[in-house]
Amino acid sequence: MCGIVGYIGPREAYPIVIEGLKRLEYRGYDSAGIALFDGTNLKVSKTKGKVADLETRATQEISKTGNVGIGHTRWATHGVPNDVNSHPHLSNSGDLVIIHNGIIENYDALKQELIKRGYTFQSDTDTEVLINLIEDVKKQEGVKLGKAVQIALNQVIGAYAIAVFDKNKPEEVVVARLGSPLAIGIGKNEDEFFIASDASPFIEYTKNAIYLEDEEMAVIRFHKGVKVRKIKDDTLVDTYIQELQLNLEQIEKGGYDHFMLKEIHEQPKAITDTYRGRLLRNEAIIKMAGVEDNMKKFLNANRIIIVACGTSWHAGLVAEYIFEDLARIPVEVEYASEFRYRNPVIREDDIVIAISQSGETADTLAAIKLAKSKGAFVFGVCNVVGSSISRESHAGAYTHAGPEIGVASTKAFTTQITVLTLIALRLARAKGTITSSDFRQHLLELEMIPKKVEKALQSDNNIKIISDAYKNVSNFLYLGRGYNFPVALEGALKLKEISYIHAEGYPAAEMKHGPIALIDENMPIVVIATKKGHYEKVVSNIQEIKSRKGKIIGIVTEGDVQVKNLADHVIEVPETLESLTPLLTTIPLQLLSYHIAVMLNKNVDQPRNLAKSVTVE
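Each number in our numbering corresponds to the 1-based position in the sequence shown with 1 added.
So, in structure tokens, the structure goes:
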């Protein structure tokens, strides 16, 4: 995943593009570059490193004037991160310039053909192949830039979001997408246009945007507007201008040291926003249009298949317990990356729930398309309004978490669980698998969760002390049972992602089937041991660890005495229903990973080798 930014209009493009790249740096941060056109010269500056490094180099290399500009922040796929492989890339003539998010799978065959025609290549990227292919088509066919882009894209296999500029046609920029998001911001008087992977780079300039669909391209002309066409057959597409709900304050740090810490502390509000208008406790009802409009499909479903990746997959595992426990519907949870390739058995009476924070995860999108081709009903759960998954699904629900900039997901996890819990409760009520009193109790407890999350966040100082004690260890083990087994997986993932400490999550009972061999006096084991569920069994696991001198960090219910007497450290969370405990037990694990990473001087918001959303395979 990479970040794309562009501008054409009456303003100076440089500050708009640079600030936009900073906001998109969560999408990729191993290199960055910018191209500007000042009416005469096409100027390119690019470098390995972050956008701050690009600012320094651009100041030395180019003048910053020009009303047309495109920029890119990279997460390397083809070619190692270095200056040469950084985007933008120029064609051999130097007339055309491109930025690209995605992978051109047949780039090598195209490259060999272009070499035969006399083209040379400076980089190892598939992107340089694409811009020279476009130039070759333009020369051979004698067509304008837009048509050349269309013909070239019909020859490539892969995924892309691109912006292309021709210095001989300075009044236009051509963009296209397949499998990677691209938004076009429309200036107030339609005399300026913005291009970006998402709306955050241009939110202070306009609230109006067009989101390209897959296999669509657009020619953006200064003072003349936007024309969108289908790449395959060149047919014109009626454009829908969407009003953005995002605001600038949401994408700033708000006084926190890191976006991740801000987003951890935003969870009480995010959870409230997620159930607001849906959970009506006084009326004892749950209202979700996507569920209500398709209730018959849900009630007649043979099973639910949940497809997701990463943190969203862990939220799906929690949902498996919730749906089966409350609504008595069989559930299978699949890695989307495996599901799409293994020829799964999918029936027309199956419901596929696809979970993704960004709504752009490539494997999850592919899984959706596979499920739809088999006749299954697809329900999307994502955070980003207008995202590809929200458009590709038959129905769905937004999490309303607000922008999540930190690469390591936090509030995405808890709001996904909140949405999935609401769905399970609504279906349980409709099926009669939950009593009226239990249903009301669940609504009451869910409504109280934000306050209880706030209380769990008050353990921050205690968690800092624990973090300092274990920041230099090489391995962690996380154990949980039932609803909290997925939380153990998520806690281990968070630590791996941002501190680079090896960590594994396991069902507590599985410890004796292998991981117990790792335990010694140097091994910290995080055990989720709330009073609800299999408490006595978990206490037995703790005693087994203790007898082998392992260091125990217990996540316990407030007032717990038994685990406190056994553990080296305890972190308390408020009491709630067993099905809702993951919303609380995950909080200290997020903070533990955050503080350890900060103490190790790691880049918390932009961990190495990772990007916020995986939009290419």
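Each residue gets a CB set at the ideal place from its N, CA and C atoms; glycine is no exception. All figures in this text were calculated on a predicted structure; none of them were measured in a lab.
Measure the CB-CB distance between Val-332 and Arg-304 and report whether it falls below 8 Å.
Reading the sequence shown from its first residue, position 331 is the one you call residue 332. Reading the sequence shown from its first residue, position 303 is the one you call residue 304. Cβ atoms of Val-332 and Arg-304: closer than 8 Å.
If we ignore side chains and look at the alpha-carbon of each, how far apart do Thr-621 and Gly-95 end up?
Residue numbering for the chain in the displayed model covers 2 to 618; residue 621 lies beyond these limits and cannot be assessed.
Among Val-52, Pro-182, Glu-498, Leu-611, whose alpha-carbon lies nearest the alpha-carbon of Ala-363?
For this step, residue 363 is matched to residue 362 along the sequence shown. That would be Pro-182, whose Cα lies nearest to the Cα of Ala-363.
Whole angstroms is fine: what's the gap from Val-282's alpha carbon to Leu-445's?
As a first step, residue 282 is located in the sequence shown; it is residue number 281 there, counting from the start. As a first step, residue 445 is located in the sequence shown; it is residue number 444 there, counting from the start. Correcting the residue identity first, residue 282 is Arg in this sequence and not Val. Roughly 7 Å separates the two Cα atoms.
Taking the straight line between their C-alpha atoms, what separation do you get for Asn-344 and Arg-24?
To locate residue 344, count along the sequence shown from 1; it is residue 343. To locate residue 24, count along the sequence shown from 1; it is residue 23. Their Cα atoms are separated by approximately 39 Å.
Start and end of the alpha helix (DSSP H) containing Asp-127?
Looking up residue 127 in the sequence shown gives position 126. Taken as a continuous stretch (DSSP letters only), the alpha helix (DSSP H) holding Asp-127 covers 127-142.
Using the Cβ count rule (16 or more neighbours within 10 Å means buried), how would you classify Met-296?
Here residue 296 corresponds to residue number 295 of the sequence shown, with the count starting at 1. That one is exposed.
Can you tell me which of the three DSSP states Gln-607 falls into?
Within the sequence shown, numbered from 1, the residue matching residue 607 stands at position 606. The answer is coil: DSSP assigns Gln-607 none of H, G, I, E or B.
Do the segment 52-67 and the segment 224-242 make contact, defined as three or more Cβ pairs closer than 8 Å?
No, they do not touch.
Compare the Cα-Cα distances from Val-98 to each of Pro-82, His-266, Leu-134 and report the closest residue.
For the purposes of this step, residue 98 is taken as residue 97 along the sequence shown, with counting starting at 1. Considering only alpha carbons, the answer is Leu-134.
To the nearest angstrom, how far is the alpha carbon of Glu-393 from that of Ile-369?
Indexing the sequence shown from 1 puts residue 393 at position 392. Indexing the sequence shown from 1 puts residue 369 at position 368. Roughly 8 Å separates the two Cα atoms.
Excluding the five sequence neighbours on either side, which residues of its own chain have a C-beta within less than 7 Å of the C-beta of Val-386, listed in chain order?
One-based indexing of the sequence shown puts residue 386 at position 385. Excluding residues within five positions, the ones whose Cβ falls inside 7 Å are Gln-246, Tyr-399.
According to DSSP, is Met-218 part of a helix, a strand, or is it coil?
Reading the sequence shown from its first residue, position 217 is the one you call residue 218. Strand.
Using only the alpha-carbon positions, how far apart do Thr-577 and Ile-520 sit?
Along the sequence shown, one-based indexing puts residue 577 at 576. Along the sequence shown, one-based indexing puts residue 520 at 519. Taking the straight line joining both Cα atoms gives about 31 Å.
Specify the secondary structure class of Asp-569 as computed by DSSP and reduced to three states.
Within the sequence shown, residue 569 is the residue found at index 568, counting from 1. Looking at Asp-569 - three-state DSSP - the assignment turns out to be coil, as it is neither helix nor strand.
Quick one: using the 10 Å Cβ neighbour count with 16 as the cut-off for buried, is Leu-300 buried or exposed?
The count along the sequence shown starts at 1 and reaches residue 300 at position 299. The residue is exposed, with fewer than 16 neighbouring Cβ atoms inside 10 Å.
Is Thr-78 helix, strand or coil when you go by DSSP?
For the purposes of this step, residue 78 is taken as the residue at position 77 of the sequence shown. In this structure, Thr-78 counts as coil in the three-state DSSP scheme.
Please state whether DSSP places Gln-442 in a helix, a strand or coil.
Translated into the one-based positions of the sequence shown, residue 442 becomes position 441. Helix, per DSSP.
At the level of alpha carbons, what is the spacing between Lys-270 and Thr-415?
Sequence index remark: in the sequence shown, residue 270 carries index 269 (1-based). Sequence index remark: in the sequence shown, residue 415 carries index 414 (1-based). Each residue's alpha carbon lies about 11 Å from the other.
Helix, strand or coil, according to DSSP, for Gln-243 in the structure here?
To locate residue 243, count along the sequence shown from 1; it is residue 242. In the structure shown, Gln-243 sits in a strand (DSSP, three-state: E or B).
Given that a residue counts as buried once 16 or more other Cβ atoms are within 10 Å of its Cβ, and exposed if not, what is Ser-46?
For the purposes of this step, residue 46 is taken as residue 45 along the sequence shown, with counting starting at 1. So Ser-46 ends up on the buried side.
Name the residue from Ser-198, Glu-193, His-570 whose alpha carbon lies nearest to the alpha carbon of Asn-462.
In the sequence shown, residue 462 corresponds to position 461, counting from 1. Of Ser-198, Glu-193, His-570, the residue nearest in Cα terms is His-570.
So what does DSSP say about Thr-365, is it helix, strand or coil?
What you label residue 365 is simply residue 364 of the sequence shown in a count that begins at 1. Residue state, collapsed to three classes: helix.
How about Gly-70 and Ala-14: do their beta carbons lie closer than 8 Å?
As a position in the sequence shown, residue 70 is number 69, starting the count at 1. As a position in the sequence shown, residue 14 is number 13, starting the count at 1. Going by C-beta atoms, Gly-70 is nearer than 8 Å to Ala-14.
Ser-87: buried (16+ other C-beta within 10 angstroms of its C-beta) or exposed?
Working through the sequence shown from its first residue, we reach residue 87 at position 86. It counts as buried.
Ser-64: buried (16+ other C-beta within 10 angstroms of its C-beta) or exposed?
Stepping through the sequence shown from its first residue, residue 64 is reached at position 63. So Ser-64 counts as exposed.
One question on the structure: do His-73 and Asp-606 come within less than 8 Å of each other, judged by their Cβ atoms?
Taking the sequence shown and counting its residues from 1, one reaches residue 73 at position 72. Taking the sequence shown and counting its residues from 1, one reaches residue 606 at position 605. Taking 8 Å as the Cβ cut-off, His-73 and Asp-606 do not qualify as a contacting pair.
If you compare alpha carbons, which of Gly-381, Phe-340, Glu-349 is closest to Gly-360?
Stepping through the sequence shown from its first residue, residue 360 is reached at position 359. Checking every option, the nearest Cα to that of Gly-360 belongs to Gly-381.
Can you look up Lys-370 in the DSSP assignment and give me helix, strand or coil?
The residue given as residue 370 occupies position 369 in the sequence shown. Residue state, collapsed to three classes: helix.
For Ile-286, count neighbouring Cβ atoms within 10 angstroms of its own Cβ and tell me buried if that reaches 16, exposed if not.
The count along the sequence shown starts at 1 and reaches residue 286 at position 285. That one is exposed.
For the alpha helix (DSSP H) holding Val-52, just list the boundary residues, first then last.
Residue 52 sits at position 51 when you count from the first residue of the sequence shown. 52-62 is the span of the alpha helix (DSSP H), which, as asked, contains Val-52.
Can you name the residues that DSSP bridges to Val-6?
Counted from its first residue, the sequence shown places residue 6 at position 5. DSSP lists Gly-72, Ala-197 as partners of Val-6.
DSSP puts Val-227 in a beta bridge; with which residues?
Counting from 1 along the sequence shown, the entry for residue 227 is found at position 226. Note: Val-227 sits in a beta bridge opposite Ile-221.
Touch check for the segment 478-489 and the segment 498-513: three-plus C-beta pairs under 8 Å?
The answer is yes - the segment 498-513 touches the segment 478-489, with three or more Cβ pairs under 8 Å.
Could you name each continuous alpha helix (DSSP H) segment of 4 residues or more that falls completely within the segment 477-530, going from the start of the chain to the end?
If we require 4 residues or more, the alpha helix (DSSP H) runs fully inside the segment 477-530 come out as 486-500.
Mind checking whether Ala-377 and Asp-351 have CB atoms under 8 Å apart?
Residue numbering aside, residue 377 sits at position 376 when the sequence shown is read from its first letter. Residue numbering aside, residue 351 sits at position 350 when the sequence shown is read from its first letter. The answer is yes: Cβ separation under 8 Å.
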